[in-house]
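As numbered in this note's numbering, residues 6 to 204 make up the sequence shown, in order.
Each residue gets a CB set at the ideal place from its N, CA and C atoms; glycine is no exception.
Note that the coordinates shown come from a computational prediction; the quantities given were computed from them, not determined experimentally.
The next block holds one structure in the form of structure tokens; read it before the comments.
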Amino acid sequence: MTLDSPNAYNAVDQRLVLLPLESRVSRGVVFVLTLVIAGWLAIQVASPAIAWYDGRGDKIPGLERAIAWDPRNAELHIRLGHAYADRVPADIERARAQYDEAVRLRPTDAYPRLLQALLSEKQGDRAAARSAIDGAVQLDPHNVSIRWEAALLALGWGERATGLDHFKYVLGVDPAQRGCRATSTASPTSCWPRCGRRT
Numbered sequence: 006m007t008l009d010s011p012n013a014y015n016a017v018d019q020r021l022v023l024l025p026l027e028s029r030v031s032r033g034v035v036f037v038l039t040l041v042i043a044g045w046l047a048i049q050v051a052s053p054a055i056a057w058y059d060g061r062g063d064k065i066p067g068l069e070r071a072i073a074w075d076p077r078n079a080e081l082h083i084r085l086g087h088a089y090a091d092r093v094p095a096d097i098e099r100a101r102a103q104y105d106e107a108v109r110l111r112p113t114d115a116y117p118r119l120l121q122a123l124l125s126e127k128q129g130d131r132a133a134a135r136s137a138i139d140g141a142v143q144l145d146p147h148n149v150s151i152r153w154e155a156a157l158l159a160l161g162w163g164e165r166a167t168g169l170d171h172f173k174y175v176l177g178v179d180p181a182q183r184g185c186r187a188t189s190t191a192s193p194t195s196c197w198p199r200c201g202r203r204t
């Protein structure tokens, strides 16, 4: 069968969907649909960039706008959670909701769980703090910042052996924190600035 034969054109016609654009209405409908689809694609492509631009600061309104543009960005949820937690007075429930959403979006990331643990400890909910810090250590057992916070929490709960085990691991992995050894048994908080504590 060649392209010159009538059967070739019939075969092509059966596979193609052609819209007759002879009337102004048909052309207008196609034009409007094209604009709608192009606009939707532009929003999908531009949303993360707009969210990044809005979320550059640490102000709550900008971060909320950024999350409205890119609700699947766990980093924005973490930053908004920080903003709520650092507010005076702290908005603990909103901060917890943002950290929970970050955990939902990135279930294998230990950092949002660490933040949940610290927030729960701040509220006095030891069971939730223990569950969150254990989950963070389990997800990323070699992360020095997480092990450091786990040690501080364990010491705060009176679990000296567990706290010292975490400290031993930190000192074994990161010798730069050896200067904290002398002060960590007396007052763990006194060496946070030197040891690069994440806030």
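Check: Exposed or buried, what is Arg199 when buried is set at 16 or more other beta-carbons lying within 10 Å of its beta-carbon?; Outcome: Confidence at Arg199 is low in this model, with a pLDDT of 39, below 50, so the placement of that residue should be treated as unreliable; the coordinate-derived value is given next. Classification for Arg199: exposed.
Check: Would the segment 93-100 count as touching the segment 73-80 if we require 3 or more Cβ pairs under 8 Å?; Outcome: no
Check: So, is Glu126 buried or exposed, given that buried needs 16 or more other C-beta atoms within 10 angstroms?; Outcome: buried
Check: Going straight from the alpha carbon of Ala137 to that of Leu176, what length do you get?; Outcome: 23 Å
Check: First and last residue of the alpha helix (DSSP H) that includes Lys64?; Outcome: Segment: none, Lys64 is in no alpha helix (DSSP H) and carries neither H nor E.
Check: Alpha helix (DSSP H) containing Arg117: first to last residue?; Outcome: Checking the sequence shown, residue 117 turns out to be Pro, not Arg. First-last of the alpha helix (DSSP H) with Pro117: Tyr116 to Gln128.
Check: At what residue ranges does the segment 150-177 contain a whole run of the beta strand (DSSP E), taking only runs of 3 or more?; Outcome: none
Check: Please go through the same chain and pick out, in chain order, the residues whose beta-carbon is closer than 8 Å to the beta-carbon of Glu69, but skip the five residues on each side of it.; Outcome: Leu85
Check: When the Cα atoms are used, what is the spatial distance from Glu27 to Gly44?; Outcome: 25 Å
Check: Alpha carbon to alpha carbon, what distance is there between Gly168 and Glu106?; Outcome: 29 Å
Check: Would you mind stating whether Ala134 and Leu158 have Cβ atoms separated by less than 8 Å?; Outcome: yes
Check: Got a sec? Which residues, its chain only, sit under 6 Å from Thr39 by beta carbon, not counting five neighbours each side?; Outcome: none
Check: Put Val93 into one of helix, strand or coil per three-state DSSP.; Outcome: coil
Check: Looking at the structure shown, is Ser31 part of a helix, part of a strand, or coil, going by DSSP?; Outcome: helix
Check: Compute the beta-carbon to beta-carbon distance between Tyr104 and Leu81, rounded to the nearest angstrom, for a pair I have assumed lies under 8 Å.; Outcome: In fact, because the Cβ distance is near 12 Å, the residues do not count as touching under 8 Å.
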